[in-house]
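Numbering (my numbering), first residue to last: 381 to 657.
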């Protein structure tokens, strides 16, 4: 059965569970902080605990694929199980894979994360548009067909991103503005929310581009990278209603205690609600 469009499902999740995305980022330092080994057993315990604590209450969980891939096929198996269990508990799963290529290779990446036949089938995936926005077409088309979403990197939270994303094309349009404009075209006439979103860092002093893409705006950089929920209105302005703030370390550092993880997530949901008043 084809899912309802991702944008509609996301809007409902944000409205009922609060506007928050929590990463599942089992990197070595967090595993150590939890008293776990940097090994497959530690990976399994970490991922299972985050899903148990949060999948039934936060709107979005965002596994970072790289932290599972580094363990090879057995790590991918843990990722598959985490995705399955998180979705079964009601969270939308955004696979943070940042894939980008052309032609049949891009189509294969899309099938890995957006095809119901794949064991990694997720509600949405992050992609890189820097081989040209048109190179994303296989992912955009498959996402639309299957009721999934795509988040394209536009203005990322890392300072190095500006050298590409703020660069101006031959037509005088900044690269990030071009990405956002084309996302808006993909979301034309979608209601209540388009399924094609942008990644826009919460750490930006000023977006400086039109963020009204009629789709979700994933906002990383809150917590460990220095941004707070109170910074979001300055960056996103009238688009705040569609912002999905993403927090990883500042929630995950409270593990392995399930109650502490839940309390941290609830606190960030409350801080966002205060920021939009």
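Positions of the beta carbon are idealized from the N, C-alpha and C atoms, including for glycine. This one's a predicted model, so the numbers in the text were calculated from it and none came from an experiment.
*Can you list, in chain order, the stretches of the alpha helix (DSSP H) that have 4 or more residues and sit fully within the stretch 438-476?*
445-449 and 452-468
_residue 642 versus residue 436: straight-line alpha-carbon distance, rounded_ = The residue given as residue 642 occupies position 262 in the chain shown. The residue given as residue 436 occupies position 56 in the chain shown. Residue 642 and residue 436: Cα-Cα distance of roughly 10 Å.
_Beta-carbon spacing of residue 537, residue 583 below 7 Å_ = Looking up residue 537 in the chain shown gives position 157. Looking up residue 583 in the chain shown gives position 203. Yes, Cβ-Cβ distance for residue 537 and residue 583 is below 7 Å.
*If we count Cβ pairs, one from each stretch, closer than 8 Å, do we get three or more for the stretch 404-412 versus the stretch 535-549?*
no
*C-alpha distance - residue 401 paired with residue 493, whole-angstrom precision*: Your numbering for residue 401 matches position 21 in the chain shown. Your numbering for residue 493 matches position 113 in the chain shown. Taking the straight line from one Cα to the other gives about 18 Å.
_Quick check on the DSSP output: the beta strand (DSSP E) that includes residue 599 runs from which residue to which?_
The sequence position of residue 599 within the chain shown is 219, counting from 1. Counted as a single uninterrupted DSSP element, the beta strand (DSSP E) harbouring residue 599 occupies residues 597-599.
*Cβ-based neighbour list, residue 424, same chain, cut-off 6 Å, excluding 5 preceding and 5 following*: For the purposes of this step, residue 424 is identified with residue 44 of the chain shown, where counting begins at 1. Counting only Cβ-Cβ distances below 6 Å, and skipping sequence neighbours, we find 458.
_Contacts around residue 449, its chain only, beta-carbon distance under 7 Å, and the 5 residues preceding and following it disregarded_ = To locate residue 449, count along the chain shown from 1; it is residue 69. Hits under 7 Å: 455 and 456.
*Looking at the structure shown, is residue 412 part of a helix, part of a strand, or coil, going by DSSP?*
Start at 1 with the first residue of the chain shown, and residue 412 comes out as number 32. DSSP places residue 412 in helix when its eight states are reduced to three.
_Beta-carbon gap between residue 656 and residue 644 smaller than 7 Å_ = Within the chain shown, the letter at position 276 stands for residue 656. Within the chain shown, the letter at position 264 stands for residue 644. Cβ distance not < 7 Å, so residue 656 and residue 644 don't count as in contact.
*Start and end of the beta strand (DSSP E) containing residue 533?*
Residue mapping note: residue 533 aligns to position 153 of the chain shown, counting from 1. Its beta strand (DSSP E) spans residues 529-535.
*asked:* Quick check on this structure: which residue in 617, 416 and 605 has the alpha carbon closest to the alpha carbon of residue 597?
replied: Within the chain shown, numbered from 1, the residue matching residue 597 stands at position 217. Measuring from the Cα of residue 597, the nearest candidate turns out to be 617.
_Rounded to whole angstroms, what is the Cα-Cα separation between residue 650 and residue 612?_
The residue you call residue 650 lines up with position 270 of the chain shown. The residue you call residue 612 lines up with position 232 of the chain shown. Roughly 14 Å between the two C-alpha positions.
*Meets three-Cβ-pair contact criterion under 8 Å: the stretch 520-528 and the stretch 496-511*: yes
_CA nearest to the CA of residue 414, picked from 638, 394, 522 and 486_ = Here residue 414 refers to the residue found at position 34 of the chain shown. If we check each option's Cα against that of residue 414, 638 comes out closest.
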